[in-house]
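Colleague: First the structure, then my questions, so here it is.
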Amino acid sequence: MVSWTAFLVALVLVLGGLFAVLVLFGLSRSASGGDLDWQIARLERKVDLILTNMGIGHDDHVPEKVTRLASNGQVEEAVEEYVRLTGSRKSVARREVQYLREKLRASKGGPDPEP
């Protein structure tokens, strides 16, 4: 009984120490780099892209070139560019470009021109 207790206490201490070292290393790295905001924004973009690919959410970080093509009515070119830049499937890219066109139409307050 005592040996299991000692083993569990030692395991907790080792894991706690490892966690503390990792936290300190992470804090010192981000503090010295000064790019914590950039890292958070990068992680947000990655999570958004994962959610988009799973069909759960829409991409709020659409590349500027895709936005420009979609606003000019060049839907197929926008879809191809989205696939090329993000690595998404074509069906996901088509859904995102359509969502982008609807968002652009709503912001302009006018009808969506047909491609």
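The C-terminal residue of the sequence shown carries number 134 in the numbering used here, and the numbering is unbroken.
Every residue gets a Cβ at the ideal spot worked out from N, C-alpha and C, and that includes glycine.
Note that the structure is a prediction, hence the values are computed from the model and not measured.
1) Please identify the residue among Val81, Gly35, Arg108 and Glu95 whose C-alpha is closest to the C-alpha of Lys122.
2) Can you grab the Cα-Cα spacing for the pair Val33 / Ser22, in whole Å?
3) At the level of alpha carbons, what is the spacing between Gln117 and Thr86?
4) Following the continuous alpha helix (DSSP H) through Ile59, name the residue where it begins and the one where it ends.
5) Quick check on Ala112: buried or exposed, where buried means 16 or more other Cβ atoms within 10 Å of its Cβ?
6) Using a Cβ-Cβ cut-off of 6 angstroms (strictly less than) and excluding sequence neighbours within five positions of His98, which residues of its own chain qualify?
7) Below 8 angstroms on the Cβ atoms is my contact criterion, and I expect Asp79 with Asp67 to pass it. Report the Cβ-Cβ distance as a whole number of Å.
Modeller: By the coordinates alone:
1) Val81
2) 16 angstroms
3) 11 angstroms
4) Leu55 to Met73
5) buried
6) The question names His, but residue 98 in the sequence shown is Val. The residues are Ala112, Arg113 and Val116.
7) 6 angstroms
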